[in-house]
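Novice:
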């Protein structure tokens, strides 16, 4: 008989969080006390499989290796090697050309294999989040089993320090807090409860009666009913998303493929032209084999064999420079891709902000204090801001109601200025700060000259706040002993502690309280903090501890009245005052602040009954509000402005609340007043087409889920944007992999996010992304520079080789081996040196180049053809002269060595001239890139060794040249350098005119 579970519970769409416990147990056919039977466990293991994440669709290493040799340029080289080997063997010669070409093909293939065959470790990192052991109830007994053996319907136990092994519905809870940052992006631990009736559409972060695989229990314990295992868990859904995202080729890879297609097509066209032209010229196939040799040399000449290695080394150099700027590149092509980024989607917490809660404002019932300082260091100041005289209940209004004739002038001489204050003059502030310290479970400590928090960051911010006026936690805890507490819970949304204090003399050494609530001095005090609305409901009075220094008049009446009143300044909370406090709370919330309310009262005895909180936390005295913020990093505002100046659009995508996200975005300049903020629930209602329209206008997204992030990235890419996406949690991994550049956090990031990313921020700082973009632009500019250098030279080689048979010269001027030498060494070393060229001054003051532009865009293609023709013209002129000259000498093959040498040395002049498109070489500082000078010198020496060192002569088939012949080669080769410099002068004159 088919079970109800098979029909219902297996349906992953069931909203378990919206069901009551009894209904959940019934659907899972489980029992609260006894769990499942062993027979049920066995059946469900067969039905659902083991509780593990599965891998699918991965490429095998052999497949990756074979793919490397499908590259069109390598295919052409392999064909050349085969034909060359056949021709050499027919002529009874050692096939060294074929062997050399084969070695290059194999090396290039292996280089590509190494880059692409990095094992996909993101799924392995996800698997590590699973708990290896778990306690479970089966057949009424408790067992410890492998997490792999869990099935839906199992009843398991959780306690502090454990990782949750499966998704589950909470059955029983004792003060449970779970850190779900890996899934939701929220840094703060979530307080869990077992009650049901949550909305069906509640977001993952709001499902407080559920726990999820891969999260961590911070505090408390619980009994849980497993509702999903393996790939059906929220973690499993992310794993499926991660594996469904297909890796796309980067702009550089696309451009290199385009380049290969153009070169091979052009080469085959020239080969056909040479063979057909040669046959038509001779009128027979008599010279077919010679024409074929020419074609082989042309095919080798057209392929820049050294280019893959040069690009790889250039990208590697770029990665080293980026590491020095705190950006670790995991995938080499990402270096160049960064330079083309048009949109940066950034998380908020820790990237745009400091990931440190810092108190910004304190509002007592009569005053407003602006708090300065940075981070958790207890260093800063309180600045008094004028209270709102129209709305706040002043002391004057209260005194007038009591018929005391006082001329009250609160800070009447302060207009908009602020004044640094002494906390001793403000006892209401002291009492609030005392509550901040005592109603607190965190510890603020200094370690290696850095202040850090052990515990909740929010509570740590309160300790730092009190420390700024000298209130030290250690001293106060010696004076106030906690004897009872009512802990925070998601239902209560507040925390209270009951403290017993020492005698008055010791107390006055710490702070000066001027409230009759402490006279006579009770030994017990309750301090409360929590949601401002809920704490305010528990209060009947509010405390205004104004000192005599703030009650002023010409006759000193204030002093006399204060003495007569015994500074009793606690007043009943009127409806108007309550409304004003709530308005203050809303005003701070709109600024993106997290707001806490504070209260206290004296007690006569320690409560003993279990529900004493209902009676003890009543008739409290309201102390005020504290607003704190995860403050923006100080350098990020400038980085955002630099992004916008560089034509890059920064976008904030966060799981945080809309008001908080909006306030941070306004502060940093990511969004402007009036800009629309799209939250996760609204995003879910948008179709793909509607979202693609929205992404061009929306700069801030709040309360988003993993699927939302993925959809946003996809929509931006569909709009033609090249997207960089930051993230730190497991939930970010699919979007990181989908983005053109996935950027993980090095400090707070999970292993999963790092393995799915292209780049890791070692300092979790948005400004580092901007630095990396700058480096990426420099790398791309340098790649274009040496591609101009390499291909301009190669076109010259091809045209020179093609011209030899067409103008009737005997033999091929360059052998495949000599061409390989030029393409690997003569091209390669200077090209690497050009990759070290420093950035142009305007590199971050221009928009990003179109990521879909051709490699030949912006004049590069015309330059290559133009300079190639100049190369060929000079080389052909030398070749004709040298051929006629050497035919009359005793070594008629010497003309080939002269052509070989001229082409090689001409490339040295080309490397010197190409460093700048506008400045003459003489105007450049030769030591701004000393690598070019070194590469040119070394390559020239190596070329001369090929001519004058006997073993190298034999291997490369070169001939000894006399000094006049070498001088002629140098003279012809220098013409290339002169031509490029003259072009610069012409362009400068033309632009000036």
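In our numbering, the protein residues as written are 334 to 1326.
Positions of the beta carbon are idealized from the N, C-alpha and C atoms, including for glycine.
Is the separation between the beta-carbon of residue 862 and that of residue 987 shorter than 8 Å?
Specialist: Taking 8 Å as the Cβ cut-off, residue 862 and residue 987 do not qualify as a contacting pair.
Novice: Only counting runs of 3 or more residues, tell me where the beta strand (DSSP E) segments fall wholly within the stretch 502-587, in order along the chain.
Specialist: Counting only runs of 3 or more, we get 549-561.
Novice: From which residue to which residue does the beta strand (DSSP E) around residue 1171 run?
Specialist: Residue 1171 -> no beta strand (DSSP E), and no H or E assigned at all.
Novice: Nearest CA to the CA of residue 814: which residue from 832, 1031 and 797?
Specialist: Of the candidates 832, 1031 and 797, the one whose C-alpha sits nearest the C-alpha of residue 814 is 832.
Novice: Could you say which of 957, 1061, 914 and 985 lies nearest to residue 1329 if we only look at CA atoms?
Specialist: In the structure displayed, the chain extends from 334 to 1326; residue 1329 sits before or after that span and is not available.
Novice: So, do the stretch 977-991 and the stretch 933-953 have three or more beta carbon pairs nearer to each other than 8 Å?
Specialist: Not touching, per the Cβ criterion.
Novice: Assess, as a yes-or-no matter, whether the stretch 591-606 is touched by the stretch 528-541 under the definition of 3 or more beta carbon pairs within less than 8 Å.
Specialist: No: fewer than three Cβ pairs fall under 8 Å.
Novice: Put residue 1012 into one of helix, strand or coil per three-state DSSP.
Specialist: It is a strand residue.
Novice: Check residue 772 in the structure and name its three-state DSSP category.
Specialist: In this structure, residue 772 counts as coil in the three-state DSSP scheme.
Novice: Please classify residue 1323 as buried or exposed, where buried requires at least 16 neighbouring CB atoms within 10 angstroms.
Specialist: By the neighbour-count rule (16 or more Cβ atoms within 10 Å), residue 1323 is not buried but exposed.
Novice: Evaluate contact between the stretch 1140-1153 and the stretch 1005-1014, counting only Cβ atoms and requiring at least three cross-stretch pairs below 8 Å.
Specialist: Short answer: they don't touch.
Novice: Check residue 703 in the structure and name its three-state DSSP category.
Specialist: Strand, per DSSP.
Novice: Got a sec, what are the start and stop residues for the alpha helix (DSSP H) residue 947 sits in?
Specialist: It spans 946-949 - the alpha helix (DSSP H) in which residue 947 sits, taken as one unbroken run.
Novice: Per DSSP, what kind of secondary structure is residue 297 in: helix, strand or coil?
Specialist: Any property of residue 297 remains undetermined from this structure, which presents the chain solely from 334 to 1326.
Novice: Ignore the nearest five residues each way along the sequence and tell me which others in residue 860's own chain have a CB closer than 6 Å to its CB.
Specialist: Counting only Cβ-Cβ distances below 6 Å, and skipping sequence neighbours, we find 768, 771, 772, 830 and 933.
Novice: How about residue 1167 and residue 1271: do their beta carbons lie closer than 8 Å?
Specialist: Cβ atoms of residue 1167 and residue 1271: not closer than 8 Å.
Novice: What are the start and end residues of each continuous beta strand (DSSP E) run of 3 or more residues lying completely inside the stretch 921-983, in chain order?
Specialist: You should have 927-936 and 953-965.
Novice: Could you tell me which of 1069, 395, 762 and 1023 sits nearest to residue 1040, measuring between CA atoms?
Specialist: Answer by Cα proximity: 1069.
Novice: Quick check on the burial criterion: 16 or more other C-beta atoms within 10 angstroms. Buried or exposed for residue 1210?
Specialist: Exposed, because fewer than 16 other Cβ atoms sit within 10 Å of the Cβ of residue 1210.
Novice: If you count every other CB in all the chains shown that lies within 10 Å of the CB of residue 706, and 16 or more means buried, which is it?
Specialist: With 16 or more other Cβ atoms within 10 Å, it is buried.
Novice: With burial defined as no fewer than 16 other Cβ atoms inside 10 Å of the residue's Cβ, what is the status of residue 547: buried or exposed?
Specialist: Buried, by the Cβ-count rule.
Novice: Tell whether a beta-carbon distance below 8 Å holds between residue 1258 and residue 647.
Specialist: No, the pair does not count as a contact, with Cβ atoms beyond the cut-off.
Novice: Hey, how far is the Cα of residue 1307 from the Cα of residue 1094?
Specialist: Roughly 47 Å between the two C-alpha positions.
Novice: Which two residues bound the contiguous beta strand (DSSP E) that contains residue 684?
Specialist: Segment: none, residue 684 is in no beta strand (DSSP E) and carries neither H nor E.
Novice: Using a Cβ-Cβ cutoff of less than 7 Å, which residues in the same chain neighbour residue 485 once the five nearest sequence positions on both sides are dropped?
Specialist: The answer, listed in chain order, is 342, 361, 377, 381, 559, 560, 561 and 562.
Novice: Does residue 1320 come out as helix, strand or coil in the three-state DSSP assignment?
Specialist: If DSSP states are grouped into helix, strand and coil, residue 1320 belongs with the helices.
Novice: From which residue to which residue does the beta strand (DSSP E) around residue 828 run?
Specialist: Where residue 828 is concerned, the enclosing beta strand (DSSP E) stretches over 827-834.
Novice: Tell me the DSSP secondary structure of residue 500 in three-state form.
Specialist: Strand.
Novice: If you follow the alpha helix (DSSP H) that residue 1241 is part of, which residue opens it and which one closes it?
Specialist: First-last of the alpha helix (DSSP H) with residue 1241: 1227-1246.
Novice: Mind checking whether residue 593 and residue 411 have CB atoms under 8 Å apart?
Specialist: Taking 8 Å as the Cβ cut-off, residue 593 and residue 411 do not qualify as a contacting pair.
Novice: According to DSSP, what are the bridge partners of residue 876?
Specialist: DSSP lists 903 as partners of residue 876.
Novice: Going by DSSP in three states, residue 1145 sits in which element: helix, strand or coil?
Specialist: Coil at residue 1145, not helix or strand.
Novice: Alpha carbon to alpha carbon, what distance is there between residue 977 and residue 818?
Specialist: Approximately 51 Å, taken between the alpha carbons.
Novice: May I ask whether a heavy atom of the ligand SAM can be found less than 7 Å away from the beta carbon of residue 648?
Specialist: For the structure depicted, the ligand SAM is absent and the ligand set is empty, with no information on it obtainable.
Novice: DSSP on residue 759, reduced to helix/strand/coil?
Specialist: Of the three classes helix, strand and coil, the one that applies to residue 759 here is coil, per DSSP.
Novice: Under a Cβ-count criterion, where at least 16 other Cβ atoms within 10 Å of its own Cβ denotes burial, should residue 949 be classed as buried or exposed?
Specialist: Per the 10 Å Cβ criterion, buried.
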